[in-house]
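Number of protein chains: 2
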Amino acid sequence: MVNILEIDYLVKYGRSMANANSPSPRSQRTRASLIAAGLDLLVDRPIDAIPIDDVVVRAGVAKGSFFNHFADKQDFAAAVAAEVREEVEGRVARANAGVADPVARIAGGMVVAAAFAEAEPRLATVLLRSQTPATSQSHPLNRGLRADIEAALELGLLRPEARGAGVLYWLGLCHVLMVNLVDTRPSREEAAQILSDMLALGLSGLGVPLHRAQDLARISRSPASK
Amino acid sequence: MVNILEIDYLVKYGRSMANANSPSPRSQRTRASLIAAGLDLLVDRPIDAIPIDDVVVRAGVAKGSFFNHFADKQDFAAAVAAEVREEVEGRVARANAGVADPVARIAGGMVVAAAFAEAEPRLATVLLRSQTPATSQSHPLNRGLRADIEAALELGLLRPEARGAGVLYWLGLCHVLMVNLVDTRPSREEAAQILSDMLALGLSGLGVPLHRAQDLARISRSPASK
DNA sequence: TGTACATCAGTGAACGCGCGTTCACTGATGTAC
DNA sequence: TGTACATCAGTGAACGCGCGTTCACTGATGTAC
Numbered sequence: 001m002v003n004i005l006e007i008d009y010l011v012k013y014g015r016s017m018a019n020a021n022s023p024s025p026r027s028q029r030t031r032a033s034l035i036a037a038g039l040d041l042l043v044d045r046p047i048d049a050i051p052i053d054d055v056v057v058r059a060g061v062a063k064g065s066f067f068n069h070f071a072d073k074q075d076f077a078a079a080v081a082a083e084v085r086e087e088v089e090g091r092v093a094r095a096n097a098g099v100a101d102p103v104a105r106i107a108g109g110m111v112v113a114a115a116f117a118e119a120e121p122r123l124a125t126v127l128l129r130s131q132t133p134a135t136s137q138s139h140p141l142n143r144g145l146r147a148d149i150e151a152a153l154e155l156g157l158l159r160p161e162a163r164g165a166g167v168l169y170w171l172g173l174c175h176v177l178m179v180n181l182v183d184t185r186p187s188r189e190e191a192a193q194i195l196s197d198m199l200a201l202g203l204s205g206l207g208v209p210l211h212r213a214q215d216l217a218r219i220s221r222s223p224a225s226k
Numbered sequence: 227m228v229n230i231l232e233i234d235y236l237v238k239y240g241r242s243m244a245n246a247n248s249p250s251p252r253s254q255r256t257r258a259s260l261i262a263a264g265l266d267l268l269v270d271r272p273i274d275a276i277p278i279d280d281v282v283v284r285a286g287v288a289k290g291s292f293f294n295h296f297a298d299k300q301d302f303a304a305a306v307a308a309e310v311r312e313e314v315e316g317r318v319a320r321a322n323a324g325v326a327d328p329v330a331r332i333a334g335g336m337v338v339a340a341a342f343a344e345a346e347p348r349l350a351t352v353l354l355r356s357q358t359p360a361t362s363q364s365h366p367l368n369r370g371l372r373a374d375i376e377a378a379l380e381l382g383l384l385r386p387e388a389r390g391a392g393v394l395y396w397l398g399l400c401h402v403l404m405v406n407l408v409d410t411r412p413s414r415e416e417a418a419q420i421l422s423d424m425l426a427l428g429l430s431g432l433g434v435p436l437h438r439a440q441d442l443a444r445i446s447r448s449p450a451s452k
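Chain order of the listed sequences is R and D.
So the first sequence is numbered by my numbering: it starts at 1 and just counts up by one.
So the second sequence is numbered by my numbering: it starts at 227 and just counts up by one.
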């Protein structure tokens, strides 16, 4: 990857081209402040109802800085949403890191989604508000879901209809579950009950045998036992 | 309902009080034009991105008339969304008019939602864009759903977990199905296949026996047979 | 280590216009006698 | 049926300010020698 030109550049300027292109710490700090302010403000209002003045005041930077980092307000909103999406993706990946069974991985995605909605309702609100359609490829739960469903189908663990509609079905359930948890803010026990019921219904619909679905639903209620 | 005062009023002015309060035909026409313009424009942009000028030009009325009918832009957007919601509610009610079996009624709601998304993708887009949360009581499919699910539970037709999460589960599936149909605009055959698969997965999840779920899914593909 | 220079990001005042909202007036519709 | 009056909705010009965007300048950081 390091070619003659870059070596030359390294010698001359003491920085790799990658570093030369990467933002300075100061720049990173300003950007982070703006994103953090956006996360706060987007909880209560859609982006169009938020003046840039509010963002920069809360971020503690000058108005002009905003346009050093984002082309316009929409660009900014997209960056904030991407931030949350990446956070959720990371949590899903971590939760499923050592899990091989595709059905357990599918269930794990919903468990993480529910836990995120419960632990970070403000961030979850921003994610759900971001107009990224639930059905889209860029949905944070979608990344591995398609592969997991196909793997489970190969193993004969799901009913055949899941081949056509399984991904949509599961994303829809995770999405509506998050919306419900964020909107109603139930107690820890109530939330666990809703998740458990939703897992039982959802997995049964995919064709997972009742006892297995109920097992996974039960396990979801005591994450420590995982 | 007609009291002395109103009779007096009728004699005197030749109009019932209800009529006196109801808007004139001219007023209704103007309002309808504005709503129709809103339906057109809200397909492509959220309300905040639509200038009132655009609305009144398309409606062919003066700008001032807008504020004769709506308090502000948000009020207008709500009225437009309500319009679509009522349309969908009407279709669901009509489709389920003669159907007594609660499971068939539940399935019917999804069939209507899918048909609406397919036949009126523009209106469906407005409905799905309206920030009314899918989980809310005011969801057009929600009206009778809760009652149907409870009835089915009483008859022992659904698994017990549906008592806690059944409404949420079904609304989520209908919602994501509509989003998918509107976004991807599949062919008539593909749409029928997705609906059929989703019905099979969804009903199985509720605890409907496989053969019954597949029956209802099959029937959904030839509405004429209803 | 020190000095001069180059680059990059931050700053906030200023601009200007898009757009929501108001209002005095007009014309249409309805009512009284 | 005709005339005078009252009410109601429509009209569009005018207002004004909120807010996105620009830009000349400053200070900080990095590089060369």
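Glycine included, each C-beta is placed from N, C-alpha and C at the ideal position.
The model shown is predicted, which means the values in this text are computed figures rather than measured ones.
As the crow flies, the alpha-carbon of residue 89/R is around 34 Å from that of residue 341/D. When only Cα atoms are considered, residue 356/D and residue 275/D end up about 14 Å apart. Against chain R, the CB of residue 430/D has a partner CB under 8 Å away; the residue lies at that interface. For residue 276/D, there is no enclosing alpha helix (DSSP H), as DSSP gives it neither H nor E.
Residue 103/R counts as buried, since at least 16 other C-beta atoms from the protein chains shown sit within 10 angstroms of its C-beta. At a cut-off of 8 Å between beta-carbon atoms, residue 28/R makes no contact with chain D.
Cβ contact annotation for residue 436/D (same chain, cutoff 7 Å, sequence separation greater than five): 430, in chain order. When DSSP states are grouped into helix, strand and coil, residue 342/D belongs to the helix group. Between the alpha carbons of residue 82/R and residue 24/R lies a distance of about 21 Å. Among the residues facing chain R, residue 406/D is included, as its CB has a counterpart in that chain under 8 Å away. Residue 188/R holds the alpha-carbon nearest to the alpha-carbon of residue 221/R among 188/R, 212/R and 30/R.
Per DSSP, reduced to three states, the secondary structure at residue 358/D is coil, with no helix or strand assignment. Residue 159/R has a beta carbon lying within less than 8 Å of a beta carbon in chain D. With respect to the 8 Å criterion, residue 424/D and residue 339/D are not classified as neighbours on the basis of their beta carbons.
Taking 8 Å as the threshold, the shortest C-beta distance from residue 402/D to chain R falls below it. Neighbourhood of residue 135/R in chain D, by CB distance below 7 Å: 402, 405, 406 and 409, in chain order.
Residue range 162-184 is occupied by the alpha helix (DSSP H) that includes residue 180/R.
Taking the Cβ atoms as the reference, residue 167/R lies roughly 7 Å from residue 142/R, within the contact range of under 8 Å. Between the alpha carbons of residue 190/R and residue 263/D lies a distance of about 44 Å. Within chain R, 161, 164 and 165 have C-beta atoms less than 7 Å from the C-beta of residue 423/D, given in sequence order. In this structure, residue 323/D sits away from residue 442/D, with a CB-CB distance that is not shorter than 8 Å. Around the Cβ of residue 433/D, a 10 Å sphere holds 16 or more other Cβ atoms; the residue is buried.
The alpha-carbon separation between residue 184/R and residue 169/R amounts to approximately 22 Å. The beta-carbon of residue 398/D is placed less than 8 Å from the nearest beta-carbon of chain R. For residue 437/D, the enclosing alpha helix (DSSP H) begins and ends at 436-446. Sequence-distant Cβ neighbours of residue 385/D in its own chain, meaning closer than 6 Å and more than five residues away, are 433. Going by DSSP, residue 432/D is part of the alpha helix (DSSP H) stretching over 414-432.
For the options 295/D, 351/D and 289/D, the alpha carbon positioned closest to that of residue 252/D is the one of 295/D.
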